[in-house]
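A short worksheet on the structure shown next.
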Ligand code: BGC
């Protein structure tokens, strides 16, 4: 009896205690904005069920996908617990509605992460990435990315799948347009600039978004320039060519990375334990997450790496893919895989932690919703358009200027001819996010604004981008006859480059070349304006043109700066970050190749081995003269400090900007090295007649040293050269 009474008393006391506790209940730690992020992550993780964890690791699509390469079934009934969504809208309201469901209908109220391909702008579209690299102006690229981040965040996004930093040496591959060219260091510098621009100093300030380095790693080595295929990458090449940009981007704080569609020498990128778990998460201690590429987990089956989606999911998560973009494998099989002991719970927890961490860093728990502004308030702000114009200006490359044909004299009558003369849509480039052709100032539009007298401007289309229709040739020739100069606007349509847009030949379609030949017969000078997403084969066009300006796909604001360059208001300063082959048959051709055993032999019987335009090529309306290189020391020991300087004089009669590229050559090494490697660059404006000094602070291990097939940097005694153009200084590392 006594015992029973005691028990009853105990139960009463416990109930009372619990009720008191409940009344005083503190908010959960993960909801406490003041608690340290890691504590919040751990607290939340402890509360999550397996089902909730698995959904955090999944990314679905909100609404219908607009990427033509990834058309699939529309996802209906998105669960409130979903980790991330691909978001194709520009409306903060839609995002807020979806987010409301996550916050209010899911048990733990974990906000959704909204991601999209904001590659070169959101609504204000600036030049494609390969063009941006021509500016050699990372500070400007950073500004452009910051501007894109702001537009995107105000429209409802938290995350962009950019920058793409795949070193690319095959211009047949359509995605050369999305990266920064053939050089590892250049890709690295622009990776850092974009990450800084997108992410700012505080991801939670409502104006920045998380960046994503892609496609980790080596996607640019796609065989024969085709997309989604095998890549043959030795461990040595993986490290000396492909890793550097990623390492630089990770060090700059990139929040996420995307794996790839490709197979890296037998182990697909989305199942590659070495690159993701060992290098990225192990050695580099990256604490963000890796998202698969679209469906790249299920595609492990077509690649022959997994028999079914379950095995593919196991391989991907074990290798280090934390989030599954649209394979629908993690949500289907992870629970089962853990139950069967094939995937340890710690692996799942590690992935969830990484995703939650970013959500906390983005401030999504405190501010899950976006302020609902009008389109006018959030897009195409005058200061954004200025940045887009400036970046376009600096990305244009004057490839040829025979007998100073450009700039045009003030009263020149110009015949704008060609399929791109009045076309706006194609100037936007691939991945234009929410760009509209109505926002674009095209080539003709720009000249119309620039030229004082409208009668100076004539136009004829001449022909289309491709096909056989020559019926416009006669009008084009007649129009050219009335003008002083032909502005021939040729190039590619925007969907000829980008994803799944490989071309077996990088020449322009015959109809465009034929139009040029017809116009040449008029005897009028031809200024060729090229808009394209890859280096082109220009060996037939180049001889018939007096001047050539490469404008790439400049986005919305190319027309005005181009007109400024043509009239001489602007002095061009862009230089190529990728080689223009003489002809397609030379591919792959890039400046940092290794030495040949017989440099005097091994050439083509039917083609030159020289490119048409080499890496770094780009003309100005002024001339620059380089002095000799001066090194602070030429005999060095490990750990010494070294700086090398060069004086550059503007010897022409107008101000101009010059980019100095600093290369290192190591003629003999245990592991053979490229003939030269870019280690630093700097751009400065130099007034007419002025001399400016450019300085390269050399870090001996980083810049003279090399890397082996497992990422170990080494520095050997011996001779090195620092090189700028044809000037060299010899260094001896004696100890
Ligand atoms: C592309 C990625 C892109 C993703 C999402 C894929 O097809 O390869 O670069 O980020 O789609 O749109």
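In full-length UniProt numbering, the protein residues as written are 1 to 735.
Heads up, the beta-carbon is just placed ideally off N, CA and C, and yes, glycines get one too.
Here the structure is a predicted model, which is why all the values come from computation and not from measurement.
- Secondary structure of residue 333 (DSSP, three-state): helix.
- Here the distance from the Cβ of residue 492 to the nearest heavy atom of the ligand BGC is not below 7 Å.
- In this structure, the CA atom of residue 291 is about 12 Å from the CA atom of residue 261.
- The shortest C-alpha to C-alpha distance from residue 46 to any of 33, 29 and 590 is the one to 29.
- By the criterion of a C-beta distance shorter than 6 Å, residue 461 is surrounded in its chain by 472, once the five residues flanking it on both sides are discounted.
- Going by C-alpha positions, residue 324 is about 15 Å away from residue 159.
- Cβ contact annotation for residue 468 (same chain, cutoff 7 Å, sequence separation greater than five): 511, in chain order.
- Chain order is used for the residues whose beta-carbon lies nearer than 7 Å to a heavy atom of the ligand BGC, namely 67, 69, 70, 86, 117, 161, 164, 214, 215, 258, 261, 293, 294, 325 and 499.
- Taking a 10 Å sphere around the C-beta of residue 661, we find 16 or more other C-beta atoms and assign the residue as buried.
- Contiguous alpha helix (DSSP H) elements confined to the segment 436-468 occur at 443-450, taking only those with 4 or more residues.
- Contiguous alpha helix (DSSP H) elements confined to the segment 28-79 occur at 37-47 and 50-56, taking only those with 4 or more residues.
- In this structure, the CA atom of residue 178 is about 49 Å from the CA atom of residue 26.
- Counting C-beta atoms within 10 angstroms of its own C-beta, residue 709 has fewer than 16 neighbours from the protein chains shown and is therefore classed as exposed.
- For residue 498 against residue 431, the beta-carbon gap comes to about 6 Å, under 8 Å, which counts as contact.
- With contacts defined as CB atoms closer than 8 Å, residue 408 and residue 541 fail to qualify as a contacting pair.
- If you ignore the 5 residues before and after residue 685, its C-beta comes within less than 6 Å of the C-beta of 657, all in its own chain and listed in chain order.
- Remark: C-beta atoms of residue 194 and residue 145 approach each other more closely than 8 Å.
- Residue 484 and residue 185 have their C-alpha atoms roughly 43 Å apart.
- Nearest to residue 524 by alpha-carbon distance, out of 427, 412 and 455, is 412.
- Excluding the 5 residues flanking it on each side, residue 297 has same chain C-beta neighbours closer than 7 Å at 270, 312, 313, 316, 321, 324, 327 and 329, in chain order.
- The segment 166-183 and the segment 125-132 touch, with no fewer than 3 CB-CB distances between them shorter than 8 Å.
- For residue 258, the enclosing beta strand (DSSP E) has its first and last residue at 256-258.
- Distances from the alpha-carbon of residue 572 to those of 136, 38, 73 and 341 put 136 closest.
- Put simply, of 479, 712, 570 and 628 the residue whose alpha carbon is nearest the alpha carbon of residue 522 is 479.
- Look at the segment 625-667 and you find these whole runs of beta strand (DSSP E), each 3 residues long or longer: 642-650 and 656-665.
- Fully contained in the segment 555-632 are the following alpha helix (DSSP H) runs of length 4 or more, in chain order: 559-567.
- Taking each of 668, 252, 591 and 257 in turn and checking the Cα distance to residue 164, the smallest one comes out for 257.
- At a Cβ-Cβ threshold of 8 Å, residue 98 and residue 152 do not count as neighbours.
- In the three-state reduction of the DSSP assignment, residue 477 falls in the helix class.
- With a minimum length of 3 residues, the unbroken runs of beta strand (DSSP E) contained wholly in the UniProt domain "Fibronectin type III-like" (658-728) fall at 677-686, 691-698 and 718-724.
- Short of 7 Å from the beta carbon of residue 614, and not among the five residues preceding or following it, lie these beta carbons of its own chain, in chain order: 579 and 591.
- In the structure shown, the three-state DSSP call for residue 545 is coil.
- When the Cα atoms are used, residue 213 and residue 545 turn out to be separated by approximately 39 Å.
- Excluding sequence positions up to five before and after residue 581, its CB lies within less than 8 Å of the CB of 171, 506, 535, 537, 587, 589, 611 and 612, all in the same chain and listed in chain order.
- Under DSSP, residue 550 shares a beta bridge with 397 and 530.
- Here residue 114 is bridged, per DSSP, to 85.
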